[in-house]
Structures are given as C-alpha cells and as structure tokens.
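Participant:
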Amino acid sequence: MFYMPSIAVQTTPDAAMVEQAARTVVTRHPPGSVPLTELMGAWYDAGLTWVHFPQGLGGMEAPRQLQPLANRIMREAGGPEPRTVNTIGYGIVAGTIRRYASPEFAAQLLRPLATGEEKWCQLFSEPGAGSDLAGLATRAVREGDGWRVNGQKVWNSLAHISRWAVLLARTDPDVPKHKGLTYFILDMHSPGVDVRPLRQLTGRAQFNEVFLDDVLIPDTQRLGDVGSGWFVANSTLADERTSLGERVVARGSGAIGDAVQLWVDHPANQSPALRERLARLWVRSEAHRLTIERARIAATTGTVGPESAITKLAGSELTQAVYEFCIEFLAAQGALMDTYAPDAVDDESGPNGIQRRYLRSRATTLEGGTSEIMRNVIGERVLKLPQELRNDKTVPWRDVPR
Amino acid sequence: MTQEFEFGEEIVALRAMVREFCAEQAPESTVRTAMESELGHDPALWRRFGSELGVFGLAVPESDGGDGAGLVPHAVVVEEFGAALVCGPTLGALCLALPALIALPDAQARQDYLPGLIAGELIATLAAPTVHGVFDPEAATVSATTGPGGWTLSGGLAHVPDGASADILLVPARTQEGLALFAVERGAAGLAHTDLFTMDRTRRQATFELADTPARLVADEVAAPAVCARAVRVATALLAVSQVGGAQRMLDVTVQHVRTRIQFGQAVGAFQAVKHRCANMLMEVEQARSAAYHAVWALDSDSEIDDPDLAVALAKAVASDAFTSITRAAIQLHGGIGFTWEGSPQLYFKRATADLVTLGTGTEQVENVARLVLDRRVAAANVPEPTLT
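Those protein sequence lines, which keep their order, are chains A and B.
Per this note's numbering, residue 59 is the first one in the first sequence, and the count goes up by one each step.
Per this note's numbering, residue 1100 is the first one in the second sequence, and the count goes up by one each step.
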C-alpha cells in the first residue's frame, strides 16, 4: 500500500516537470512532420504555452521563469519560437485575457490564439493619438447589450489577417482623458470593420489603417470595468516588458553582425576612418548587449534595476547608427534598392537587404514609444525628475485642445 | 564564484559599508584638503581603510593573508573609491601593484609585501611599460645588470602613478635574457624622483631616474611578462570600474541638482532639454557598468567567459567615454555653479580627464578593439579554406 501524501498533487510544477512535459509533446508531435497547429495545440493542452497560466488555459501554474526552458526545448526540437506563431497574441493579448476575461471566454479565445489559427492585432494608436495615446478619439457609445464604435486606428500590424483585435475606445469624453477609456475585444469580421494597408517608407505595407464605422461590440467582449481601459492596457504593457527580458542575444549578432560581415566581404571599401567608426559601433553594441544580459540576470535574481528601461532606447538608436554606417560603407552601392513593391517578402532580405534594414531602422526609434517619450519615461520614472507642466491631465477630454 | 553580473548579498553589504565609510571619513571637504597637500593624500586615512575597514585584501588569496574573495569585491571597493574621489594610491597600490604581487611565483616576495599593502602600511606601485594601454616589454625604459652586490637598475620612468608616495616601486627592466621584474625601495641609492603637477590633484604621478640603483629580483624573465600583462589588464579593468563609480556619482549629484534648482517657476529637471540629457547620462553609465564588470568577471580566476584583452579594451573604451561625457554634462547642467572651483563637477571632470588618458586612452582602446575584432575577422576570412585531397 502506497502512502501518497495529498501535498504531492498540489506541488508547484518544477523545471523537471516542465522539461518532461515539453519533451513529451515534441516527441509525440515531431515539429516539421506534423502541422504547426497540431504541434501548438498539443503544446497548449500540455500547459506549455504560458507555463504560469492556470491549467486548461495553456498553463500549469508553474513559475514563469521556466518558460524559456520550455521554449528552448521546442526550438531545439526544430519547432518555432512559440511567440512568433502569433506575435501580438502572445506578447500582449494572452495576459490581458487571462486577467480580465471570464474563464469560459478565455478558454474559447486562448487555444486558437496559441495555435496561431486565429491571429490577433492591436487597435490602439490613432492618427491623432500616437505618443499621447490616452488622448485617442475613437468613440464607443452604449447601445442595448453592447457598444457602437466609430473611429480610425493606425499602425495596426497583422490587422489584415487577424480574426480578433484588442481595442481601446473612449466611452466617456466628459472625464479626464485617462479615465474615459475602455478596453474591448473586437471580432475583426464584424460589419463596419475596414482594413486598409498602410504603405511605409520601405515600400512595404507591413501595417494597416483600420476604419471602424458603426461597429457593434457585445458588452461581453469588454475587458475590465468601463473607464478602466488605460489601466488594463498598461497592465499588458508591463507583460510585454517582462517578456522582453527572456531574449538572449549572442555577441556579434543583429545589426552589428551585418556591419562586420559587410566589412569582411568588401575589403576594397575599407578605410581607417570607417574602421574606427565601425569599431566604435562594435563597442557600443557590445556594451548594449552586456546591459541586456545584466538586466536579465537582475530580473532572475529579483533586483530589477534601471537596465531594462534603457535597453529599448539604446538599442533602437544603435541599430540606426549601425545601418547608417553600412550604407556609407557600401558607398555608391548604398544608394541602390531592388524593389519598392508593397508585397516584398519582408524588410530584411533580398539582394539589397542592408538597404532595406537601413530604411526599416527609421521605425525603431518611433515604434513602441518614441525615443523622446522613452527619455521622458527614464527621466521621470527612473531618475524621478518632475514632469513638465501639463494642461491635459485634469480637465475633461472634451476640453483638451486637439 | 558567482554567475556573471550576479551581485549577491555580501557584495551589496560590502558596497554599503565602503560607501558609508567614505561618506563619513572621506567627504568632499577631506578630498579637497588632501588634494591640496604636498603628498596628495593622508597616509593615516589610507591605513584606516586597510586596517579598520579592512578592504584591501579581498582579492588576495587566503594563503597570502587575504580574504580570497576574488576580483569582484575588490572592484566594488575601487568603484566606491572612484565615486568618492578618495585621495590615496588607489591606482598605484590597489589597481597595479596588488595584482602584480598576487601573481608573483616567488612566495617570499609575496609574503614580504602583501601583508603590509593589505594593512595600508606599505604603498607600492608598478611602472609597467605599455603601448596603447597594453603591456609591451619592448617599451621598457630601464635596464638591469647583475654583479657581485646583486642587481642594479638604470634608466628612466615616466608617469608613474602614485610614485612619490610609494615605499616600493615595482620596475620591469631589461636583462640579458629578457624582461624581469624588480622591487626598488624608496630612498635606494641612485633613485631620484620628480613629482609632476597633475591636472587632477587627487591623482598623483612622478617621474623617476635610476642610476645603478640596487633592486631585488621578484620575477624572472620567464614569469615577469605574464605577471606584468596580468597586472596591466586587471588595473585597466579596475580603472574602468572606478570611472563607473565617478560617473554614477556625478549623475546622482546632477539629478539632485536639477530636481531642486528652480527657474521659470519650476524645477529645471522638468524641462525636456535637461531631462533628456539626464536620461542619456543614465544610459551611458549603465552601459559602462556592464562593460566594466564584464571585464572584471572575465579576469576573475578560472573564468573563461571572454578574451581578457578584448573585455578589458571594451571596458576602458566604454567607461572612458561615459565618465568624460557625464562629467561634461554635469558641468553644463549645474549651470554657472558647474564652472566654479567650489562646485563638485570640476573635481570629477578632472578625474575623468586623467582616467581617460591613463592605461590606454579611450581611443587607443577602440583601436585595440578594432585590432582584436575587425582585423582578426578579416585575417580569418583571408585564410584559404583547407583543400580536401
């Protein structure tokens, strides 16, 4: 007769359990030989998609730090880095759904999100609300059991292939701007949703504009309280920042790797002045990489410092500087481009991949918080400097100049 | 040994202890008194750091009378000294001589010098010949001859850190066989020194002339090059860490100033022109900290996380840029106060300038990186692929 203490059932899954579960999935559903949706579905059912989530919602209530272990096993078995299956879904949506959606609704949404069958996009920014996101103007007006939504969103990547969107809309224009927003889930197949490609300076249409014309959203698809949209949105931004800490970069990879390879491949273009410039960029890149590494260690040892706040700012400006070097190093060749076709595969590959990356790099200091906003954030939240005097925080949104 | 970048509780406690001791025993008023004195520091205070605080032996193995705690805690001490601008032979004794003495194969020599250095009783420095911040035996300017009375040295030494206060001068010198390392005592026959008037009065230098000066052989031609190379690497990494300490202190002081300085009806730190420069300063000091401590970990015993030469060059290049840039910004953001003699920024600006050009200038270290990374990659690409037969 075995004595089985009841505590064994309640034990928090540890690394060994996560590892075993992950190996079982990739053994039974070999990546590459089974369809991606089957693999990711099994991954979800085994609780490996977000190990810290509850059972039945793609998790096993394990410590979050064990996620990279599971992901590594997936990659080593030839599977994808899981988040790439549904970038926005994994990055910001899943955590919000878990926190704010009813368990039934969450169960309905999360599995197809995890498998990539239903893609997700984010409808936050607007033509009139970029850095000042809380000033957005898309209106949601209560109507029966739901909401009637009108407005225009912009910079929506994946919107053209998404089944679902997370949406921030103004439900009360008569209170200060941060207090009148509500967070919704929008079915992108709803009548009145019009997605149009937005062509960027690289020629591609990686993003979209989304027009919302009398779109109806049931109240059951509201996440969080009416008026708490800003808070809900920020809680997911925190998720996104935490997940950034899971990335590890190797020395000499990324932009600086491109530049050094270019240097090696074109001896005739080399000069002492360019050599010094490249060496200085290598030095900056390596100091930046080590800072990411230090932030990662700090996060796992529990003392989060200012490192993570500065890596986005430093990294984006560095990427630009490196590709600026590349173009000048290529000299006359740097002024050539293969195509500006909107349906080019991506902003990286092709015979003029370096030129593409150079053009794309202009977005890095804009997307995810402009460098100016990042410097404000660092100045105010990390260095505790006072905010500039503002005239938009206490008056009703309706009265703020626009 | 801890994982790279893992600053455990002991390190945190050590840092707090050193910082508190510096704040109480070596505040800026003490720094100013010491820097205007002839010697440039207070030997009694230095002894208290060694004996009372007891932080000079952290990197020294227990078998040689130290704590055997490794290079990381030692670096934390040097960082805090840099933050407080502690006047004393930090560079000569703690950064250069200490790692050289630890690396000596001659146990008797280690025993003769290390305990005194740990106690703060004995001050030693190393006059290592370097080119672009890298130890180079070819650059040695002293020659050694042996006779019935033992070894004697002749030649000249320029820019010896803390030379005037050193009881023991460690001198690499040419022999018939190569380069050996010698110890010369203060006051030895034929030894003459000239104190240099340094821009940074908290960091002293001297030149030496040696004429048939009696010396003790502490590392022979086989051991000396490795000892010197190791000492220069460690000293350069520690100097980078010290730059980080000074840079962080200047950022803190500047942020405090712009938080409280009111103009146009509000704290000037609220203005984005000021705030954004502060954000840049933070970015620079954090990157310098990463690079500097990476070098320390890379040099710690048994560690093989990186090519030590590359890690050191990277550290010194990044920290030199950060410290000079942050002290320039500190002067600017303090406004007129930043240009006064009484203001703190001038002291750190001069220290940053001295550090910039010590043990390889920032640009020389960038050159070292170019050599170690770019030239190597090009050379590797030019090696023909081995052909299969």
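Beta carbons: idealized from backbone N, C-alpha and C, even for Gly.
Computed from a predicted model, the values in this text were never measured in an experiment.
Which of the three DSSP states, helix, strand or coil, is assigned to residue 59 of chain A?
Facilitator: A caution first: residue 59 of chain A carries a pLDDT of 39, below 50, which makes its placement in the model too unreliable to give a value.
Participant: Does any residue of chain C bring its CB to less than 8 Å from the CB of residue 1463 of chain B?
Facilitator: The question asks about chain C, but that chain is absent: this structure's protein chains are A and B.
Participant: Restricting to runs no shorter than 4 residues, where is the alpha helix (DSSP H) found entirely within the region 1145 to 1207 of chain B?
Facilitator: Counting only runs of 4 or more, we get 1170 to 1183, 1197 to 1201.
Participant: Identify whether residue 202 of chain A lies in helix, strand or coil by the three-state DSSP scheme.
Facilitator: Looking at residue 202 of chain A - three-state DSSP - the assignment turns out to be coil, as it is neither helix nor strand.
Participant: Please go through the region 125 to 184 of chain A and give each complete alpha helix (DSSP H) segment of 4 or more residues, from N-terminal end onward.
Facilitator: Runs of the alpha helix (DSSP H) inside the region 125 to 184 of chain A: 125 to 134, 152 to 158, 161 to 173.
Participant: Looking at chain A, which residues of the region 1380 to 1409 of chain B have a Cβ within less than 8 Å of any of its Cβ atoms?
Facilitator: Hits within the stretch, in order: 1381, 1382, 1385, 1386, 1387, 1388, 1389, 1390, 1392, 1393.
Participant: In angstroms with no decimal places, state the Cα-to-Cα distance between residue 1460 of chain B and residue 1416 of chain B.
Facilitator: Distance between the alpha carbons of residue 1460 of chain B and residue 1416 of chain B: 8 Å.
Participant: Can you tell me whether residue 1298 of chain B is buried or exposed? The criterion is at least 16 other CB atoms within 10 Å of its CB, across all chains shown.
Facilitator: Exposed, since its Cβ has fewer than 16 Cβ neighbours within 10 Å.
Participant: I'd like to know whether the C-beta atoms of residue 1170 of chain B and residue 1398 of chain B end up nearer to each other than 8 Å.
Facilitator: Yes, the Cβ-Cβ distance between residue 1170 of chain B and residue 1398 of chain B is below 8 Å.
Participant: Nearest chain A C-beta to residue 1473 of chain B closer than 8 Å, yes or no?
Facilitator: Yes, its Cβ sits closer than 8 Å to a Cβ of chain A.
Participant: By the DSSP assignment, the beta strand (DSSP E) with residue 1363 of chain B in it spans what residues?
Facilitator: Counting along the chain, residue 1363 of chain B falls outside any beta strand (DSSP E), and DSSP gives it neither H nor E.
Participant: Under three-state DSSP, which class holds residue 1296 of chain B?
Facilitator: The answer is coil: DSSP assigns residue 1296 of chain B none of H, G, I, E or B.
Participant: Would residue 333 of chain A pass as an interface residue toward chain B - the criterion being a Cβ-Cβ separation below 8 Å?
Facilitator: It does: the Cβ of residue 333 of chain A has a partner Cβ on chain B nearer than 8 Å.
Participant: Which runs of the alpha helix (DSSP H) fall wholly inside the region 327 to 360 of chain A and span at least 4 residues, in chain order?
Facilitator: Counting only runs of 4 or more, we get 330 to 358.
Participant: Quick check: the Cα distance between residue 1334 of chain B and residue 1192 of chain B, rounded to an integer number of angstroms?
Facilitator: Rounded to whole angstroms, residue 1334 of chain B to residue 1192 of chain B spans 10 Å at the Cα level.
Participant: Going along chain B, which residues have a C-beta under 9 Å from residue 434 of chain A?
Facilitator: Near residue 434 of chain A (Cβ distances below 9 Å), the residues of chain B are 1371, 1374, 1375, 1378.
Participant: Closer than 8 Å by C-beta to residue 89 of chain A: which residues in its own chain qualify, once you throw out the five before and the five after it? Chain order, please.
Facilitator: These residues qualify, in order along the chain: 97, 132, 135, 136, 137, 138.
Participant: From the DSSP output, read off the bridge partner residues of residue 1494 of chain B.
Facilitator: Here chain B has residues from 1100 to 1488 only, and residue 1494 of chain B is not among them.
Participant: Tell me whether residue 288 of chain A sits in a helix, a strand or coil according to DSSP, three-state version.
Facilitator: In this structure, residue 288 of chain A counts as helix in the three-state DSSP scheme.
Participant: Would you identify the three-state DSSP class for residue 208 of chain A, choosing helix, strand or coil?
Facilitator: In the structure shown, residue 208 of chain A sits in a strand (DSSP, three-state: E or B).
Participant: How many angstroms separate the CA atom of residue 66 of chain A from the CA atom of residue 453 of chain A?
Facilitator: With a pLDDT of 44 at residue 66 of chain A, under the threshold of 50, the modelled position of that residue is not reliable, and the figure given next carries that caveat. Each residue's alpha carbon lies about 56 Å from the other.
Participant: Let me know if residue 78 of chain A comes out buried or exposed under the rule of 16 or more other beta-carbons within 10 Å of its beta-carbon.
Facilitator: With fewer than 16 other Cβ atoms within 10 Å, it is exposed.
Participant: Apart from the five residues just before and just after residue 1204 of chain B, which ones in its own chain have a Cβ nearer than 6 Å to its Cβ?
Facilitator: 1322, listed in sequence order.
Participant: Need the endpoints of the alpha helix (DSSP H) that residue 82 of chain A sits in, please.
Facilitator: Looking at the DSSP string, the run of the alpha helix (DSSP H) that includes residue 82 of chain A is 73 to 86.
Participant: Kindly indicate which three-state DSSP category residue 253 of chain A falls into: helix, strand or coil?
Facilitator: Strand.
Participant: Of all the CB atoms in chain A, is at least one closer than 8 Å to the CB of residue 1459 of chain B?
Facilitator: Taking Cβ atoms only, chain A never reaches closer than 8 Å to residue 1459 of chain B, which makes this a no.
Participant: Anything in the region 1347 to 1365 of chain B with a Cβ closer than 9 Å to a Cβ of chain A? List those residues in chain order, please.
Facilitator: Correct list: 1350, 1354, 1357, 1358, 1364, 1365.
Participant: I need the boundaries of the beta strand (DSSP E) containing residue 1273 of chain B, first residue and last residue.
Facilitator: From DSSP, the beta strand (DSSP E) with residue 1273 of chain B extends over 1267 to 1273.
Participant: Roughly how far, in whole angstroms, is the beta-carbon of residue 1318 of chain B from the beta-carbon of residue 1326 of chain B, given that I think they are within contact range, below 8 Å?
Facilitator: 5 Å between Cβ atoms; contact.
Participant: Three-state secondary structure (DSSP) at residue 1117 of chain B?
Facilitator: Residue 1117 of chain B falls in the helix class under three-state DSSP.
Participant: Going by CA-CA distance only, name the one from A:95, A:326, A:154, A:269 that's closest to residue 247 of chain A.
Facilitator: Comparing Cα positions, the closest option is A:269.
Participant: Relative to the C-alpha of residue 1196 of chain B, which residue among B:1241, B:1214, B:1347, B:1403 is closest?
Facilitator: When each option's Cα is compared against that of residue 1196 of chain B, the closest is B:1214.
Participant: On a Cα-Cα basis, can you pick out the residue from B:1404, B:1473, B:1156 that is closest to residue 338 of chain A?
Facilitator: Answer by Cα proximity: B:1473.
Participant: Going along the region 318 to 330 of chain A in order, which residues come within less than 9 Å of chain B, judged by CB to CB distance?
Facilitator: Listed in sequence order: 318, 319, 321, 322, 323, 325, 328.
Participant: In three-state DSSP terms, what is residue 453 of chain A?
Facilitator: Correct three-state label for residue 453 of chain A: coil.
Participant: What is the C-beta distance between residue 443 of chain A and residue 1358 of chain B, in whole angstroms, given that I count them as a contact (C-beta under 8 Å)?
Facilitator: Indeed, because the Cβ distance is near 6 Å, the residues count as touching under 8 Å.
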